[in-house]
Each structure stands twice: as C-alpha cells, then as structure tokens.
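**Student:** Each residue of the sequence shown is one higher than the one before, counting from 289 in the numbering used here.
We put the beta carbon where it would ideally sit given N, CA and C, even for glycine.
Remember, predicted model here, so these are calculated numbers, not experimental data.
Have a look at the structure that comes next, please.
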Amino acid sequence: MNYRSRCMKWNFSKNCQHPFVIGFYEYFIEDGFINIVMQYAAGGSLAGFLEGKKQRNEHLNDEAIFFYFTQMTMALDYLHKLNVVHFDLKPDNILMNTSRRILKLADFGIT
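Laid out in structure tokens, this is it:
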C-alpha cells in the first residue's frame, strides 16, 4: 500500500468512532515510516487472553462468548455500513480493555 492510500486509511480511521472499534487519534510520517497514535488497550489481544485461558485449562462460558460475539458483530455491522471490509479478522486483531470485558476491533483495511 502506498503512502497516499495509507494516509487515506488513517484519515478514515481517525473519524471512525464506535465503542467496539479501536480509536485512532493521529498519524505522522517520520523517516519514511508511518507512525500511528491509537487508543491504548491495556488488556492486550483476545489471542493472548485465550492463550492464557488455554494454558490454565480454563474455558469461556456461553455468556462470555455471546457477550464478545455481540460486540464484534456490532463493530463489523458499523464498518460494513461505511463500506469498510476487515481483511484480517482474527483474535490477534481484537484488543481488550483493562477489565477484559470490552473488545475493540483493530487493524482493519479499507476497500
């Protein structure tokens, strides 16, 4: 992806506001690299959270699965209404807040 299309992506991302989509605040180019300032997700990724549960031989209950699933479907519905498609939806690209109750969809592409 060239600089222009990346900048367009981050301009879109900065204006994209939804409770279950990670907040993007700013981007800047320095030494030929695009740097992104985004919302801090202190709970890490869903992938890390699930891996920790697996190592402890713990499972998510049905209520938690439904709760997380609902958040992600709401985020995807919002993006799709803006004609945005996420090309890499996976637990690594779903971030969590400190309490690990709120998910934030991150690292999405623009098409």
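1. Going by the CB atoms, is the gap between Ala394 and Ile310 shorter than 8 angstroms?
2. Rounding to the nearest angstrom, what Cα-Cα distance links Ile390 and Glu318 in this structure?
3. In the DSSP output, which residue or residues are listed as bridge partners for Asn323?
4. Look at the Cβ atom of Leu383, then the Cβ atom of His374, and state whether they are nearer than 8 angstroms.
5. Please tell me whether Lys392 and Gln305 are closer than 8 angstroms, where the distance is taken between their beta carbons.
**Tutor:** Reading it off the structure:
1. yes
2. 32 angstroms
3. Phe316
4. no
5. no
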